[in-house]
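Just so you know, we're using this note's numbering here: the sequence shown kicks off at 14 and counts up by one. We treat Cβ as the ideally placed atom computed from N, Cα and C, and that holds for glycine.
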Amino acid sequence: MPSLFQPSPEFARILDQDDPLRSFRDKFVFPQHKGEPVLYFCGNSLGLQPVAVREAVNAELDHWGEYAVEGHFRGEKPWMYYHKFLTESTARLVGALPHEVVVMNTLSVNLHLMMVSFYRPAGKRYKIIMEAGAFPSDQYAVESQVRFHGYDPADAIIEISPREGEDTLRNADILDTISRHGEETALVLFPGIQYYTGQYFDLENITKAAHQAGAYAGFDLAHTAGNMMLRLHDWGPDFAVWCSYKYLNSGPGGPSGVFVHERHASNPELPRFAGWWGHDEDSRFRMEKGFNPMYGAAGWQLSNAQILSFAAHLASLKIFDEAEMYRLRSKSLLMTAYLEYTLNNARARGLDFRIITPGYKNARGCQLSLLTGPGGRALFDRLTEQGVVADWREPNVIRFAPVPLYNSFTDIWKLGNLL
Ligand SMILES: Cc1ncc(COP(=O)(O)O)c(C=O)c1O
Numbered sequence: 014m015p016s017l018f019q020p021s022p023e024f025a026r027i028l029d030q031d032d033p034l035r036s037f038r039d040k041f042v043f044p045q046h047k048g049e050p051v052l053y054f055c056g057n058s059l060g061l062q063p064v065a066v067r068e069a070v071n072a073e074l075d076h077w078g079e080y081a082v083e084g085h086f087r088g089e090k091p092w093m094y095y096h097k098f099l100t101e102s103t104a105r106l107v108g109a110l111p112h113e114v115v116v117m118n119t120l121s122v123n124l125h126l127m128m129v130s131f132y133r134p135a136g137k138r139y140k141i142i143m144e145a146g147a148f149p150s151d152q153y154a155v156e157s158q159v160r161f162h163g164y165d166p167a168d169a170i171i172e173i174s175p176r177e178g179e180d181t182l183r184n185a186d187i188l189d190t191i192s193r194h195g196e197e198t199a200l201v202l203f204p205g206i207q208y209y210t211g212q213y214f215d216l217e218n219i220t221k222a223a224h225q226a227g228a229y230a231g232f233d234l235a236h237t238a239g240n241m242m243l244r245l246h247d248w249g250p251d252f253a254v255w256c257s258y259k260y261l262n263s264g265p266g267g268p269s270g271v272f273v274h275e276r277h278a279s280n281p282e283l284p285r286f287a288g289w290w291g292h293d294e295d296s297r298f299r300m301e302k303g304f305n306p307m308y309g310a311a312g313w314q315l316s317n318a319q320i321l322s323f324a325a326h327l328a329s330l331k332i333f334d335e336a337e338m339y340r341l342r343s344k345s346l347l348m349t350a351y352l353e354y355t356l357n358n359a360r361a362r363g364l365d366f367r368i369i370t371p372g373y374k375n376a377r378g379c380q381l382s383l384l385t386g387p388g389g390r391a392l393f394d395r396l397t398e399q400g401v402v403a404d405w406r407e408p409n410v411i412r413f414a415p416v417p418l419y420n421s422f423t424d425i426w427k428l429g430n431l432l
């Protein structure tokens with residue numbers, strides 16, 4: 014079928030003119046290359062800085078300067094309640110109820126905290142099903158949890174790999190593995206989007222299969238939050254965790270979001286690692302013995318909020334509220350299709366790579382991963398020299414992620430021109 018796209022700068026310009034979200038680009042700070050903004054395709058790794066962040070962080074520094082310890086209780090956003098200011102936007106972003114989400118800590122920490130509650134091996138049900146080649150932090154977290162409970166990772170972790178000669182997983186194979194190992198599985202842990210291939214998984218059906226098997230279902234949404242339309246409450250996983258420094262543009266090491274499904278909101282029997290900020294807010298400062306968790310995800314908090322990074326996150330979440338996730342996803346579908354078209358044109362002209370991200374739009378987000386040949390690293394380095402920021406993942410993949418909040422169709426045309 015002939016493409017609807019055209020390989021010309023005028024065509025890209027028309028797409029930009031027609032883009033209802035085009036003004037959001039001005040809300041971000043672009044690094045410069047030879048006096049021009051770089052071609053930034055790395056929002057899947059670290060999102061650009063929203064202009065509003067500087068003012069938001071400065072406001073908290075001023076608040077601290079003006080009130081010192083009283084800043085916990087004074088001003089428009091008293092620090093004592095700061096995590097709550099992020100709740101509504103966070104819930105909207107992942108399709109959750111407000112009491113199902115909380116922002117706290119960082120991603121790997123939260124993955125551990127969630128596994129403390131939702132990896133409860135007992136009897137012959139002690140295994141974790143996950144993808145082979147998961148992000149290393151997730152692999153280490155799972156291995157260490159399994160060992161912590163006295164099991165051997167080689168036995169207790171079931172990894173699902175793509176079939177011979179294929180790059181990505183088939184949903185049917187995931188569901189089949191869950192049903193075959195159902196009786197011995199304690200937890201099914203999957204990413205929303207696979208960091209290396211860019212594949213998006215069928216989270217709803219993975220959840221169903223895990224629950225049918227009698228296991229818990231949890232997701233690492235590092236590459237998914239702010240990228241895909243999510244309906245976590247309806248899909249029903251037991252937990253999910255994500256970071257805020259990729260598509261959520263909240264700055265390096267930014268805080269993590271956590272989802273705990275409503276069905277676990279008021280179960281004091283569920284084991285957890287507790288801290289004072291998860292304790293009932295009304296009696297927290299009585300400093301008494303006996304942990305009494307708050308209702309919902311907030312009851313998993315350990316510490317008081319890291320105000321400066323939360324302030325940056327709050328400023329960024331406001332942009333998502335303004336842009337709205339369904340509009341971002343609809344622009345993203347078009348942009349990624351245009352990137353795919355542009356890359357395929359470059360390939361037809363002789364560049365040595367193939368796209369390993371699924372071609373089906375519902376099985377990917379905005380990222381496309383290119384498996385390169387022997388000249389891959391040199392190609393990547395040449396692009397970097399010319400002001401393209403993408404990323405290289407060992408052993409031989411280049412990832413490009415056009416982000417609907419701040420990338421333009423002209424960025425993609427320029428990339429194609431350089432390729
Ligand atoms: C899928 C995934 N999981 C976990 C992590 C680790 O995140 P953190 O260093 O914030 O704990 C990352 C970081 O990029 C990631 O992409």
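Ligand 1 and residue i: does the residue's C-beta get closer than 7 Å to at least one heavy atom of that ligand?
{"i": "LEU120", "result": "yes"}
{"i": "SER382", "result": "no"}
{"i": "CYS55", "result": "no"}
{"i": "SER11", "result": "With the chain covering 14 to 432 only, the question about residue 11 has no answer from this structure."}
{"i": "SER263", "result": "no"}
{"i": "HIS236", "result": "yes"}
{"i": "SER21", "result": "no"}
{"i": "TYR208", "result": "yes"}
{"i": "SER157", "result": "no"}
{"i": "PRO204", "result": "yes"}
{"i": "CYS379", "result": "no"}
{"i": "SER329", "result": "no"}
{"i": "ASP404", "result": "no"}
{"i": "SER150", "result": "yes"}
{"i": "ASP29", "result": "no"}
{"i": "ASP424", "result": "no"}
How is residue i classed by DSSP in three states: helix, strand or coil?
{"i": "TYR229", "result": "strand"}
{"i": "GLY450", "result": "Absent from the model: residue 450. The displayed extent of the chain is 14 to 432, so no value can be given."}
{"i": "ALA414", "result": "strand"}
{"i": "GLU144", "result": "strand"}
{"i": "PHE214", "result": "coil"}
{"i": "VAL402", "result": "strand"}
{"i": "GLU282", "result": "coil"}
{"i": "ARG38", "result": "helix"}
{"i": "GLN45", "result": "strand"}
{"i": "HIS292", "result": "strand"}
{"i": "THR181", "result": "coil"}
{"i": "MET127", "result": "helix"}
{"i": "SER382", "result": "strand"}
{"i": "PRO149", "result": "helix"}
{"i": "ALA253", "result": "strand"}
One question on the structure: do residue i and residue j come within less than 8 Å of each other, judged by their Cβ atoms?
{"i": "HIS286", "j": "VAL107", "result": "The question names His, but residue 286 in the sequence shown is Phe. For PHE286 and VAL107, no; Cβs fall outside 8 Å."}
{"i": "ALA199", "j": "PRO284", "result": "no"}
{"i": "PHE24", "j": "PRO415", "result": "no"}
{"i": "ALA223", "j": "VAL201", "result": "yes"}
{"i": "PRO268", "j": "ASN71", "result": "no"}
{"i": "HIS236", "j": "ALA109", "result": "no"}
{"i": "GLY266", "j": "PRO250", "result": "no"}
{"i": "THR210", "j": "TRP248", "result": "no"}
{"i": "GLY312", "j": "GLY291", "result": "yes"}
Check whether the Cβ of residue i lies closer than 8 Å to any Cβ atom in chain C.
{"i": "ARG390", "result": "Included in the structure is just one protein chain, with no chain C present."}
Run through the region 56–115 for me and flag every whole beta strand (DSSP E) of 3 or more residues, listed as ranges in chain order. none
Could you tell me which whole beta strand (DSSP E) segments of length 3 or greater appear in the region 321–375? 366–368
Which complete alpha helix (DSSP H) runs does the region 157–207 hold, if anything under 4 residues is left out? Whole alpha helix (DSSP H) segments, 4+ residues: 166–169, 184–193.
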